[in-house]
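Please read the structure below before turning to the comments.
Numbering (the numbering used here), first residue to last: 146 to 709.
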């Protein structure tokens, strides 16, 4: 007998019966099974869905930044200076690696089920982090949090794209940027508040009620249509080779970058082996996606259009640059301005607030005009100017100057979150929006993950280079050891303890300022390269028409039984 196959045509397509009959004779098996007319939903249901999506986005974004101001306290409490970078790095790496996997799973088994799985994983891993007794336990919990958070961020954007037209989603994604920025601003403040007044463990306990409410709303109201796909058939459709090769290449490359020049010299065989094998696995991954995978994590066809390549380049460079402002600026506040974890979070607020306002404003502009290219141009320029101003920071920089420059840097960061996503979605069919969104989110997240490691490595190596400065200032050996490359990031409060000796205090602050200046120079150059890439993006007008995608794999035909 022959099982019925599922159409891939809009329900309103003229002459659909004849075309659908022909489509049913084809043995095809695609990620997206049906595209149908937009269904009508009540205002109550729409509000509940959007609330669930925004809560999910908020809690995942909050978890990415809440440890920024609490990380030194966590490292000290768990007696692991070496684990400082990986408190954020483990989350962001898993976040980056998991996105395309969640997209593939949601195409197979539906947005609702997979989003509930992601929320459940986030809930459990948050509880693990909150109860961690060692740095190893915390990093494992953070990795699972990152994997779940990556799924939530991606699925929120995919669900919005499933439910709304390009013009409508530009407005909602502008608000999503505001939610993200709000979480980014509240995160460091809450992290500093918890670390200073209560316990850093509340950085993770706070996730439990938020993710719980989001889960209930998703369960009750999210109704994106799905065609049932069996578990075994779905398992066979997953790109396992792509997952393995990607995880291998990212882990090896990031370990090489993290250890190089800190634990081992760059010329060390260990570092050379990590980077060489990691690079080789990257090429294997690309070959697998292009030639082997039936359902690739990252469709190579996206890279055939110059506009898509330009957009994804902007996304990568923006992700690489903006996270340094959120993750490493608090270290400048704590080391040079002698701010407490709580105050450093408050000083970061201008970066977040201007970014949120810029993101929401750009969403409104895109919704009204239907154009995104000028917004991307302006965003990359503002990002370059803002981070270029950070290069001027020194041991004597005032708080007012710091806050003003940080506010300018936030403008460029906020503009570039949603406009590139709308740009790439405008270049693909509705049935390909999920894979395009997954690819863009993956590229941004991997840039963020790499950046936290690279930024930390630059600071650590630069602090080692400042050893002579500290020695010439007469800083004692035991204090210099606290400020060497491996330990510096966990000891940013040391300068504030040297007030009895102004010469030592100034030298320690100057060492941190110089070390971070090298990082700001690197990021300013990358931001400018983002502006260059944006010049190659082609213009398009956003449509107000929309068809909704129904997830699930097509059913394959069974051979017809012949009896004699």
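Don't be surprised by glycine CBs; every beta carbon is placed ideally from N, CA and C. Note that the coordinates shown come from a computational prediction; the quantities given were computed from them, not determined experimentally.
Mind checking residue 214: buried by the 16 CB within 10 Å criterion, or exposed? buried
Pull the bridge partners of residue 409 from the DSSP assignment, please. 405
Taking only three categories from DSSP, how would you classify residue 352? helix
Nearest to residue 318 by alpha carbon, out of 636, 524, 512 and 366? 512
Just verifying my parser: in three-state terms, what is the DSSP assignment at residue 632? coil
Buried or exposed (CB count within 10 angstroms, at least 16 for buried), residue 665: buried
When 590, 440 and 680 are compared against residue 522, the one with the closest alpha-carbon: 680
What runs of the beta strand (DSSP E), each 3 residues or longer, lie entirely inside the stretch 233-294? none
Length of the line joining the Cα atoms of residue 233 and residue 597: 8 Å
Report the CB separation of residue 480 from residue 640 in whole angstroms; it is logged as a contact under 8 Å. 6 Å
Relative to the C-alpha of residue 648, which residue among 270, 519, 499 and 619 is closest? 619
DSSP on residue 474, reduced to helix/strand/coil? helix
For residue 405 and residue 423, I'd like the C-alpha separation in whole angstroms. 14 Å
Consult DSSP for residue 447 and reduce its assignment to one of helix, strand or coil. helix
Contact between the stretch 335-352 and the stretch 536-548 is defined here as three or more beta-carbon pairs at a separation below 8 Å; is this criterion met? no
Roughly how many angstroms separate the alpha carbons of residue 304 and residue 369, rounded to a whole number? 8 Å
4 or more residues per run - each alpha helix (DSSP H) lying fully within the stretch 570-618: 578-610 and 612-617
Out of curiosity, what's the CA-to-CA distance linking residue 510 and residue 516? 8 Å
Three-state secondary structure assigned by DSSP to residue 365: helix
Taking just the CA atoms, how far does residue 190 sit from residue 362? 10 Å
Would you check if the stretch 436-450 and the stretch 299-315 touch, i.e. whether three or more CB-CB distances between them fall below 8 Å? no
According to DSSP, is residue 211 helix, strand or coil? coil
Put residue 436 into one of helix, strand or coil per three-state DSSP. helix
For residue 643, tell me which candidate among 635, 653 and 400 has the shortest Cα-Cα distance. 653
Say whether the stretch 294-302 touches the stretch 196-204, bearing in mind that this needs 3 or more beta-carbon pairs closer than 8 Å, one atom from each stretch. yes
Residues near residue 167 in its chain [Cβ-Cβ closer than 8 Å; skip 5 each side]: Its pLDDT being 35, under 50, residue 167 is placed unreliably by the model, and the measurement read from it follows with that caveat. Excluding sequence neighbours, residue 167 sits near nothing in its chain.
On the criterion of 16 or more Cβ atoms from any shown chain inside 10 Å, does residue 711 qualify as buried, or is it exposed? Because the chain is modelled from 146 through 709, residue 711 falls outside the range shown and cannot be assessed.
Would you decide whether residue 626 is buried or exposed? Buried here means 16 or more other CB atoms lie within 10 Å of its CB. exposed
To the nearest angstrom, how far is the alpha carbon of residue 207 from that of residue 263? 16 Å
Between the Cα of residue 498 and those of 486, 485, 552 and 525, spot the shortest distance and give me the residue it belongs to. 552
Boundaries of the alpha helix (DSSP H) in which residue 713 is found, first to last residue: In the structure as shown, the chain starts at 146 and stops at 709, and residue 713 therefore has no counterpart that could be examined.
For residue 579, the nearest candidate out of 591, 566, 503 and 589 (CA to CA): 566
Buried versus exposed, by CB contacts within 10 Å (16 or more), residue 613: exposed
CA-to-CA distance, residue 331 to residue 558, given in whole angstroms: 17 Å
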